[in-house]
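**Q**
Number of protein chains: 2
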Amino acid sequence: MTTSATQTAASRNQTDKEQLTVMGAGLVGSLLSLYLARHGHRIQVFERRPDPRQAGAAAGRSINLALSDRGWRALEGIGIAEAVREVAIPMYGRVMHDAQGNLSYQPYGQPGQGIYSVSRGGLNRRLLDLAEAEPNIQLNFGQQCLEVDLREQQLHLRDSATGEEKHLGYQRLFGTDGAFSAVRSSMQRTDRFDYSQSYLEYGYKELTIASAADGTWQLEKHALHIWPRGRYMMIALPNLDGTFTCTLFFPFEGDESFAALRTPGQVQAFFERVFPDAVPLMPELIDDFFGNPTSSLVTVKCFPWVHEDDVVLLGDAAHAIVPFYGQGMNAGFEDCTVLDELLNAHAGDWGKVFQEFQRLRKPNADAVADLAVYNFVEMRDKVADPRFLLQKKIESKIAAQYPDQWLPLYSQVTFSHRPYAEAWANGQRQDAIMSRLMARIQSEEDYDRPEVQQLVQQEMAQVPA
Amino acid sequence: MTTSATQTAASRNQTDKEQLTVMGAGLVGSLLSLYLARHGHRIQVFERRPDPRQAGAAAGRSINLALSDRGWRALEGIGIAEAVREVAIPMYGRVMHDAQGNLSYQPYGQPGQGIYSVSRGGLNRRLLDLAEAEPNIQLNFGQQCLEVDLREQQLHLRDSATGEEKHLGYQRLFGTDGAFSAVRSSMQRTDRFDYSQSYLEYGYKELTIASAADGTWQLEKHALHIWPRGRYMMIALPNLDGTFTCTLFFPFEGDESFAALRTPGQVQAFFERVFPDAVPLMPELIDDFFGNPTSSLVTVKCFPWVHEDDVVLLGDAAHAIVPFYGQGMNAGFEDCTVLDELLNAHAGDWGKVFQEFQRLRKPNADAVADLAVYNFVEMRDKVADPRFLLQKKIESKIAAQYPDQWLPLYSQVTFSHRPYAEAWANGQRQDAIMSRLMARIQSEEDYDRPEVQQLVQQEMAQVPA
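Going down the list, the sequences are from chains H and U.
Just so you know, UniProt numbering puts 89 at position 89 of the first sequence, and the rest follows in order with no gaps.
Just so you know, UniProt numbering puts 16 at position 16 of the second sequence, and the rest follows in order with no gaps.
1. Check N102 (chain U) in the structure and name its three-state DSSP category.
2. Cβ of Q197 (chain H) less than 8 Å from any chain U Cβ?
3. Listing by chain order, which chain H residues have their CB less than 7 Å from the CB of D191 (chain U)?
4. Report the rounded CA-to-CA distance for L20 (chain H) versus R151 (chain H), giving the unit in angstroms.
5. Give the single residue among U:L67, U:V383, U:Y105 and U:Y374 whose Cα lies nearest to the Cα of P228 (chain U).
6. So with Cβ pairs under 8 Å, would you call D194 (chain H) a contact of chain U?
7. When the Cα atoms are used, what is the spatial distance from H225 (chain H) to Y232 (chain U)?
8. Rounded to the nearest angstrom, how far is the Cβ of D69 (chain U) from that of S435 (chain U), given a contact under 8 Å?
9. I think P52 (chain U) touches N124 (chain U), with their Cβ atoms under 8 Å apart; what is that distance to the nearest whole Å?
10. Could you give the uninterrupted runs of the alpha helix (DSSP H) lying entirely in the UniProt domain "FAD-binding" (307-352) of chain U, keeping only those of 4 residues or more?
11. Just tell me which of U:N330, U:Q405, U:E201 and U:E445 has its CA closest to the CA of Y420 (chain U).
12. Between H:Q462, H:L437, H:P464 and H:A461, which lies nearest to E451 (chain H) when the distance is taken from Cα to Cα?
13. When the Cα atoms are used, what is the spatial distance from L390 (chain U) to P251 (chain U)?
14. Tell me which same chain residues have a C-beta within less than 7 Å of the C-beta of M460 (chain H), skipping the five on either side of it?
15. Within the present structure, is the beta-carbon of E220 (chain U) separated from the nearest heavy atom of the ligand PLP by less than 7 Å?
16. Looking only at its chain, what residues have a beta carbon closer than 8 Å to the beta carbon of I394 (chain H), apart from the 5 residues adjacent to it on each side?
17. Between E165 (chain U) and C145 (chain U), what straight-line distance do the alpha-carbon atoms span, to the nearest angstrom?
18. When DSSP builds the beta bridges, which residues end up paired with N140 (chain H)?
19. In its own chain, which residues sit with a C-beta less than 8 Å from the C-beta of D366 (chain H), not counting the 5 before and 5 after it?
20. Apart from the five residues just before and just after I286 (chain H), which ones in its own chain have a Cβ nearer than 8 Å to its Cβ?
21. Decide if A74 (chain H) is buried, meaning its Cβ has at least 16 other Cβ atoms within 10 Å, or exposed.
22. DSSP three-state label for P363 (chain H), please.
23. State the Cα-Cα distance for the pair H307 (chain U) and Y199 (chain H), rounded to the nearest angstrom.
24. Go ahead and label T190 (chain U) buried or exposed: buried means 16 or more other beta carbons lie within 10 angstroms of its beta carbon, across all protein chains shown.
25. Please classify L314 (chain U): is it buried, with 16 or more other beta-carbons within 10 angstroms of its beta-carbon, or exposed?
26. Tell me G79 (chain U)'s beta-bridge partners as DSSP assigns them.
27. Report the rounded CA-to-CA distance for S196 (chain H) versus L455 (chain H), giving the unit in angstroms.
28. Hey, could you find the ends of the beta strand (DSSP E) V463 (chain U) is sitting in?
29. Relative to the alpha-carbon of A81 (chain U), which residue among U:A88, U:I89 and U:W72 has its alpha-carbon at the smallest distance?
30. Buried or exposed: which applies to G328 (chain U), given that a residue is buried once 16 or more other Cβ atoms fall within 10 Å of its Cβ?
31. Can you check the region 386-455 of chain U for any alpha helix (DSSP H) of at least 4 residues that lies completely inside it and give the ranges in chain order?
32. Express the C-alpha separation of Y325 (chain U) and G109 (chain U) in angstroms, rounding to a whole number.
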């Protein structure tokens, strides 16, 4: 899909080869560096944190992410998809756990389609190993960006170990330094820079479901588990070692909230009441709950993403979203794919590449931000509603009957490369159709009734293929 | 209206008297200092710019602002309303100038009600003189706030003249440092701080209408002049010296835009075509146009406005708005009135004062931000529409007929102290009523037709007194 830049005529031009600066060596920054190196440039990468591959670097908790098709495509572009797939666990659907411990199942897509639980740290380390092996990429850890002087094209860096500060020029700067980006923070102070950061009233906390004594999984391994409870929820994704990493999404304040659970006894009683089937699997619950941080959930939007033809933001630095669609990393990886395609098309014309990048990506970043909030409501509340599950079954029937006209929203987002903005618009049209149909449907069997089928045909006559 | 704190029992308590720090000595900061001093506190004021009263300080262009009832009330509270009124020019209505130079007039309120053109610099200097005369207030100019360490309660200041930097502790900090507040910028980096800055695609530029040879005004002195042109507009407010300060609100980009007017010839031709009656009064047009900056128009919203019980934001630092309702300064001054009332009610309990302040003011700040954008459309576009002017006349008739139930939105905002949020909600209900009535009305006379009167009665039966 992605052709190496050396194959294009424009990029053979020696003047194209530049010294590029990437700020941030997280998932997006390290992947981006690999793409840029393929185009023949020399890359300096600066990262605030120490090298996560060094002994002594915080091993940390197991944090996993759901990798889906957009992410896989970006990994394929640098040839490491197969290696990552070997350490990824496919999840083919959601398992919902109700308050009595009863389970129900909802597949994510067609048989064989799934999202993949991968270790965030493991994936990052693998990308860094690849970057380190590239002669054109130089990694610099423990380098905090204090400020970017956009006019003078200078970074102000501080060495975390020595405290030493230095100023360093750049020709072209790629800001992949995450939701609290220092590069973006400097751009925010320029005239006519639109910016918003907005927090949910929910926080999250990571907890653990232990493996069985024999190292196997105590819940269905190939699923994402959800304990939907209306105003809040817990989810769990499998790890390779037989554990699951759980995340509790929970209000900061109120009757049932982080603020209200202050003692081990309160936590234990609350979990036993609302997550009864999970508690026996969580021997470390109290230690995890009081030892792990409570983190906040922010959406960041900004524009422009570009400063002249010398700075561009990608990934969370440009568009941090809440995690409920599992698309944060995938959207950032898709940024790399899109930038790579633009570098192939307009090699050497950085102004054009950057302008096209933000023109193409900004509406999609806004859409996936909205999708992520939308899916929070679906996950914590609707998936516990029998009417909603019936609607999902009816929708599957429509999708099977009209495969060219109806791809469920979740599949558009997760299993296709359709632009997020288009998926979101389609999804809203589908929602409107479903709510008209569901007014006539009380059971799965109703779908085959002639008057319902007639209505379905009428609706589908309006839907383009 | 505002009682001196020395009259209240609580504030006589010596422990209440504190060293307070005000960051920013603009209009709101200097007024706030005067209020705080009345409560017996000692105030340190820091201001980035040099003292505007010093010789050598940029005399600058004449910039004027429209002072209305909320602003007057705040000035009355410190006893300088009468002195300011002597150098303010009342404007009793709008004079609209069409593209042929024809004029039409629309009063702002009842006879005698007006908004007042005052010199921004003059008012600021007067407030500073008063502050300087207070033994409890110490003014420090040329002190730029680089950062606030919220945890350590320390300011990081730089002396603009010497470049010297210092760290200074504070007990309680009032951020009145404007739309680009350094205090807010430090708060923005704390967890769960919601923030947005959003720019209009319009900029503005100040221009001048000269006085007549005898020093008198070449346009009606007691009016705000508008040249509404649909997508853009020019306005003019009178100055004491016979000149008017004009402001052109104009798109940054496009066919008719700042970007498109690049030569003196282009500017001259454009102005002669669209503002034909103004051009002969603007001998400095070309010099002004190319000499004065093109400024941008930002709306800033944030929350919380308070950090624990030791930092609070007021004025533009908390809620910068676009200037189209003439309420930016008035809203900031009303912040001082509200804070003063809370200090009377809860003297000594700063946590309570600050929490109540943001609880009361945030919805009103959001409302006036929306009102300001709404009024831009009205001023640049609707006031040129005969149907809109007819609607305003009909609305005046309703207001006269139902004085207890109908105060026009403009009057609620400008000539009352009704909370902005309430005014805005009322205004939207009034808009809905007017659009239903106007569907039956083609002329002023139609208002008296029995079927229209019946409709008016029906509508008004729903409107609370």
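Idealized CB from N, CA, C, for every residue including glycine.
**A** According to the data block:
1. Looking at N102 (chain U) - three-state DSSP - the assignment turns out to be coil, as it is neither helix nor strand.
2. Interface residue, yes.
3. Those within 7 Å of D191 (chain U) in chain H are S296.
4. Inter-residue distance for L20 (chain H) and R151 (chain H) is about 17 Å (C-alpha atoms, whole angstroms).
5. The option with the nearest alpha carbon to P228 (chain U) is U:V383.
6. Closer than 8 Å: yes.
7. So the alpha carbons of these two residues sit roughly 55 Å apart.
8. Their Cβ separation, rounded to whole angstroms, is 28 Å, which puts D69 (chain U) and S435 (chain U) out of contact at 8 Å.
9. Confirmed, about 6 Å.
10. Listed in chain order, the complete alpha helix (DSSP H) runs (minimum 4 residues) inside the UniProt domain "FAD-binding" (307-352) of chain U are 316-319 and 328-345.
11. Of the candidates U:N330, U:Q405, U:E201 and U:E445, the one whose C-alpha sits nearest the C-alpha of Y420 (chain U) is U:N330.
12. Checked all of H:Q462, H:L437, H:P464 and H:A461; the closest Cα to E451 (chain H) is H:L437.
13. A direct Cα-Cα distance of roughly 29 Å separates L390 (chain U) from P251 (chain U).
14. If we look at M460 (chain H) and ignore the five residues flanking it on each side, its Cβ neighbours are Y402 and Q405.
15. Summarising the ligand content, the structure contains no ligands, and the ligand PLP is consequently not present.
16. Listed in chain order, the non-local C-beta contacts of I394 (chain H) below 8 Å within the same chain comprise M434, L437, M438, I441, E444 and Y447, local neighbours out to five positions each way being set aside.
17. Going by the C-alpha atoms only, they are around 10 Å apart.
18. According to DSSP, which records beta bridges pairwise, N140 (chain H) is partnered with H:F46.
19. K301, H319 and A421, listed in sequence order.
20. Counting only Cβ-Cβ distances below 8 Å, and skipping sequence neighbours, we find P264, V267 and Q268.
21. Per the 10 Å Cβ criterion, buried.
22. In the structure shown, P363 (chain H) sits in a helix (DSSP, three-state: H, G or I).
23. The alpha-carbon atoms of H307 (chain U) and Y199 (chain H) are separated by roughly 16 Å.
24. Exposed.
25. Here L314 (chain U) is buried. Its C-beta has 16 or more other C-beta atoms within 10 Å.
26. Per DSSP, none; premise fails for G79 (chain U).
27. So the alpha carbons of these two residues sit roughly 43 Å apart.
28. Run containing V463 (chain U): none; DSSP gives neither H nor E here.
29. That would be U:W72, whose Cα lies nearest to the Cα of A81 (chain U).
30. Answer is buried; the Cβ neighbour count reaches 16.
31. Entirely contained in the region 386-455 of chain U, the alpha helix (DSSP H) runs reaching 4 residues are, in chain order, 386-401, 409-414 and 420-438.
32. Those two C-alpha atoms are separated by around 15 Å.
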